[in-house]
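Start counting the sequence shown at 4; every next residue gets the next number (our numbering). Using N, Cα and C, we set each Cβ at its ideal position, and we do this for glycine too. Have a look at the structure below before the remarks.
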Amino acid sequence: MPFRLRVLFIIYVLVAIGCLWRAVTFNAFDLLTIGVFPVLVGLWYQSKWAHVVLYVYISLQSLGVIAMSVVALIALQITPEDVKLEFQGSNIPLIPLAIGLYSLVIFQWWVALSKVSKQYLANDKSKLPEVHP
Numbered sequence: 004m005p006f007r008l009r010v011l012f013i014i015y016v017l018v019a020i021g022c023l024w025r026a027v028t029f030n031a032f033d034l035l036t037i038g039v040f041p042v043l044v045g046l047w048y049q050s051k052w053a054h055v056v057l058y059v060y061i062s063l064q065s066l067g068v069i070a071m072s073v074v075a076l077i078a079l080q081i082t083p084e085d086v087k088l089e090f091q092g093s094n095i096p097l098i099p100l101a102i103g104l105y106s107l108v109i110f111q112w113w114v115a116l117s118k119v120s121k122q123y124l125a126n127d128k129s130k131l132p133e134v135h136p
């Protein structure tokens with residue numbers, strides 16, 4: 004598995020662990036968290052359909068981040084003093100959070116659209132560059 008796909012796989016494993024924790028703790032299921040499992044299976048087994056599932060999953064994430072950004076911008080225009088994000092009593096700054104989310108989505112698109120990823124998921128191992136650990 005190429006290095007960038009390996010990093011993406013590790014990120015998705017962490018998301019899957021968070022999904023399982025959320026499902027057990029809050030009994031909450033949604034497409035953005037449960038959708039990581041088919042992507043993980045496709046990447047692990049180097050399936051040809053994994054590229055399509057990866058595109059759909061990242062597209063859903065992109066739409067979610069864009070929708071939340073638009074809602075946050077509208078809320079900031081209406082009542083800027085009321086727009087804040089708190090988690091367990093701690094205030095989370097919105098600008099670093101937004102930069103982090105957009106960076107994560109852009110990284111995923113970069114990995115999914117890379118030639119190395121397409122070759123890996125097409126089971127064409129002869130064209131893959133050698134990766135030395």
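Helix, strand or coil: how does DSSP classify residue i here?
i, result
"S93", "strand"
"V4", "Looking at the sequence itself, residue 4 is Met, so the reference to Val does not match. In this structure, M4 counts as coil in the three-state DSSP scheme."
"S117", "coil"
"S106", "helix"
"G45", "helix"
"G38", "coil"
"S65", "helix"
"T28", "helix"
"A125", "coil"
"S72", "helix"
"W112", "helix"
What residues match up with residue i in a beta bridge as DSSP calls it?
i, result
"L88", "I95"
If you check the beta carbons only, do residue i and residue j fall under 7 Å apart?
i, j, result
"A78", "V86", "yes"
"L57", "A115", "yes"
"L46", "F90", "no"
"H54", "L107", "no"
"V44", "Y15", "no"
"L88", "I95", "yes"
My understanding is that residue i touches residue j, with C-beta atoms under 8 Å, so please give their C-beta distance in whole angstroms.
i, j, result
"G38", "Y60", "5 Å"
"Q64", "L35", "6 Å"
Do the stretch 6-14 and the stretch 118-125 make contact, defined as three or more Cβ pairs closer than 8 Å?
-> yes
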